[in-house]
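In this note's numbering, the protein residues as written are 1248 to 1338.
Just so it is clear, CB atoms sit at the ideal spot from N, CA and C, and this is done for glycine as well.
Model, not experiment: these values are computed from the prediction.
Data block below; observations after.
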Amino acid sequence: MLERTPLKDRTEVTFVLPADTPPGPVSVVGDFNDWQPGVHQLVPRKDGNRAVTVALPAASTHSFRYLAAGDYWFNDENAEAQDGANSRLHT
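In structure tokens form, the structure reads like this:
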């Protein structure tokens, strides 16, 4: 799930996944972090889900995927679009 908070010059996008699906550490990787695993790792929230917030430029489009333990790559089923193997989001 993607949560957005529009601000004056950027949009804060929060990437949210259930606490244990998939199990183990998960990070969001995309063109906004040069596809570097571990830069934006999801952490537990009080509601039981895991999340990480990334500030992105306003009115921009980005490709991303999730990377879980065991080199398991997967997309966000709630993303606005798919771009080949990647999910897409618009701020």
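Using the C-alpha atoms, what's the distance from Gln1288 back to Ala1315? Taking the sequence shown and counting its residues from 1, the one referred to as residue 1315 is at position 68. Taking the sequence shown and counting its residues from 1, the one referred to as residue 1288 is at position 41. So the two alpha carbons sit approximately 10 Å from each other.
Tell me the DSSP secondary structure of Asp1330 in three-state form. For the purposes of this step, residue 1330 is taken as residue 83 along the sequence shown, with counting starting at 1. Correct three-state label for Asp1330: strand.
May I ask you to list the residues that DSSP assigns as paired with Leu1249? What you label residue 1249 is simply residue 2 of the sequence shown in a count that begins at 1. Phe1262, per the DSSP bridge assignment.
Please specify which runs of the beta strand (DSSP E), each continuous and at least 3 residues long, are wholly inside the segment 1291-1317, giving them in chain order. 1297-1304, 1308-1315
Reference Thr1338; option with closest CA among Ser1274, Val1290, His1309: As a first step, residue 1338 is located in the sequence shown; it is residue number 91 there, counting from the start. Nearest option by C-alpha distance: His1309.
I'd like the list of long-range same chain contacts for Asp1330, defined as Cβ closer than 7 Å, with 5 residues on each side in sequence excluded. Mapped onto the sequence shown, residue 1330 falls at position 83. The answer, listed in chain order, is Ser1310.
For the beta strand (DSSP E) holding Phe1321, just list the boundary residues, first then last. Position 74 of the sequence shown holds residue 1321. Per DSSP, Phe1321 belongs to the beta strand (DSSP E) from 1319-1321.
Where do the ends of the beta strand (DSSP E) carrying Val1275 lie? By 1-based counting over the sequence shown, the position of residue 1275 is 28. Where Val1275 is concerned, the enclosing beta strand (DSSP E) stretches over 1273-1277.
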